[in-house]
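Trainee: Okay, here's the structure, questions in a sec.
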Amino acid sequence: MADVGVTSASATSVAASAAVATAAVADAAVAAVAVAAGVAAGPGGGADPQARPGEATRSDPLSELLPELGQPRAEIAFGPADLGLVRAAAIRAARADGLGEDRAGDLELAVHEVATNSIRHGGGRGVARFWIVDGCLICEVTDSGQLADRLAGRRRPDLNLSGGRGLWLVNQLCDLVQLRSGRAGTTARMFMYV
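The working numbering puts the first residue of the sequence shown at 177, with every later residue one more than the last.
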C-alpha cells in the first residue's frame, strides 16, 4: 500500500465538500426517481437511446461522474491475493480517523464486500482509495467491470438465493454508498461519518 499524502480537513476544498454533500442528496433522490419513473438509459449511455428527436431525454444517474475529492490519503491496487491487504488498509484508515471499534469493523466488511465483487465481477482487479472530508471517512473502490442495475444494493435481496447480498449489506453498513458505472468501469464510494 502506498500512502500518497495526507489531506487535512482544513486543506480540503470547499467545492469538494459541497460536491460530496450535493451528491449524497442527489443519490437519495435518484433511487426514488428511478423507481417512480421506471428504468432510465443503460450504463454509459447518458441520454435515453429510445427517445425521438425533440423529446425530453433523461440522463442515466448510474453513469454520472462522482465529484473529485483531491489526492487520496492512501491508495492500494489489489488483485485476488490482496483482499487481506485491502481489509487491513480499511481498518488502518478507520482507526486513524477515529471511527469506533464497531464502525471500523463495519467499514472493513463493507470494503471487503466491494473488493470481492471487483475480483469476481469487475475484471479480477481493483483500486481502493481513502479520504477524510469534513469528518467523513470515504473509501472508493474502482474496477473495470460494468453494472447494469441502477438500484443494485438498494433492494432487499431474496434470502433464498445463494449470493447477491454484498451490495445490499454494504448499504446497511455505511452511512452512504454511491455507485457509478459506465464504459470505463464501476466505482463504489462508501461514506462513514466519524
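Cβ atoms here follow ideal geometry from the backbone N, Cα and C, with glycine treated the same way.
Quick caveat: nothing in here was measured; it's all calculated off a predicted structure.
Quick one, are the C-beta atoms of E240 and R305 less than 7 Å apart?
Mentor: Taking the first residue of the sequence shown as 1, we reach residue 240 at position 64. Taking the first residue of the sequence shown as 1, we reach residue 305 at position 129. No, they are not a contact pair.
Trainee: Check whether the Cβ atoms of G321 and T362 lie closer than 7 Å to each other.
Mentor: Start at 1 with the first residue of the sequence shown, and residue 321 comes out as number 145. Start at 1 with the first residue of the sequence shown, and residue 362 comes out as number 186. Yes, they are a contact pair.
Trainee: Note down, in chain order, each residue of its chain lying with its Cβ closer than 7 Å to the Cβ of L349, except the 5 sequence neighbours on either side.
Mentor: Here residue 349 corresponds to residue number 173 of the sequence shown, with the count starting at 1. Answer for L349: D282, L285, A286, listed in chain order.
Trainee: Nearest to V290 by alpha carbon, out of L259, R359, Y369, A270?
Mentor: Counting from one through the sequence shown, the residue named residue 290 turns up at place 114. The option with the nearest alpha carbon to V290 is L259.
Trainee: May I ask which residues mark the beginning and end of the alpha helix (DSSP H) holding R296?
Mentor: As a first step, residue 296 must be located in the sequence shown, where it is residue number 120. Residues 277 to 297.
Trainee: Do I308 and D273 have their beta-carbon atoms positioned less than 7 Å apart in this structure?
Mentor: Taking the sequence shown and counting its residues from 1, the one referred to as residue 273 is at position 97. Taking the sequence shown and counting its residues from 1, the one referred to as residue 308 is at position 132. Yes, the pair counts as a contact, with Cβ atoms nearer than the cut-off.
Trainee: Would you kindly report the start and end of the unbroken beta strand (DSSP E) that includes A253?
Mentor: In the sequence shown, the residue the question calls residue 253 occupies position 77. It spans 250 to 254 - the beta strand (DSSP E) in which A253 sits, taken as one unbroken run.
Trainee: Classify E316 as buried or exposed, calling it buried when 16 or more other Cβ atoms lie within 10 Å of its own Cβ.
Mentor: Taking the first residue of the sequence shown as position 1, residue 316 is located at position 140. E316 should be labelled buried.
Trainee: Going along the chain, which residues of its own chain have a beta-carbon closer than 7 Å to the beta-carbon of G255, five neighbours each way excluded?
Mentor: Within the sequence shown, numbered from 1, the residue matching residue 255 stands at position 79. Counting only Cβ-Cβ distances below 7 Å, and skipping sequence neighbours, we find G300, R301.
Trainee: Would you check if the distance between the CB atom of L328 and the CB atom of L343 is smaller than 7 Å?
Mentor: As a first step, residue 328 must be located in the sequence shown, where it is residue number 152. As a first step, residue 343 must be located in the sequence shown, where it is residue number 167. For the sequence presented, residue 328 should be read as Ala rather than Leu. Yes. Within cutoff.
Trainee: Apply the 10 Å Cβ neighbour rule to Q354 and answer buried if 16 or more other Cβ atoms are within range, or exposed otherwise.
Mentor: Position 178 of the sequence shown, counting from 1, holds the residue named residue 354. Its Cβ being crowded by 16 or more others within 10 Å, Q354 is buried.
Trainee: Buried or exposed for G373, please, with buried defined as at least 16 other CB atoms from any protein chain shown within 10 angstroms of its CB.
Mentor: Outside the shown range of the chain, which is 177 to 370, sits residue 373, and nothing can be said about it.
Trainee: State the DSSP-derived secondary structure class of V370, mapped to helix, strand or coil.
Mentor: Along the sequence shown, read from residue 1 onward, the residue named residue 370 stands at position 194. It is coil, neither helix nor strand.
Trainee: How would you label G214, buried or exposed, when you count the other beta carbons within 10 angstroms and need 16 or more for buried?
Mentor: Along the sequence shown, one-based indexing puts residue 214 at 38. Note that G214 scores a pLDDT of 41, beneath 50, so its modelled location is shaky; the value from the coordinates is reported in the next line. Its Cβ having fewer than 16 others within 10 Å, G214 is exposed.
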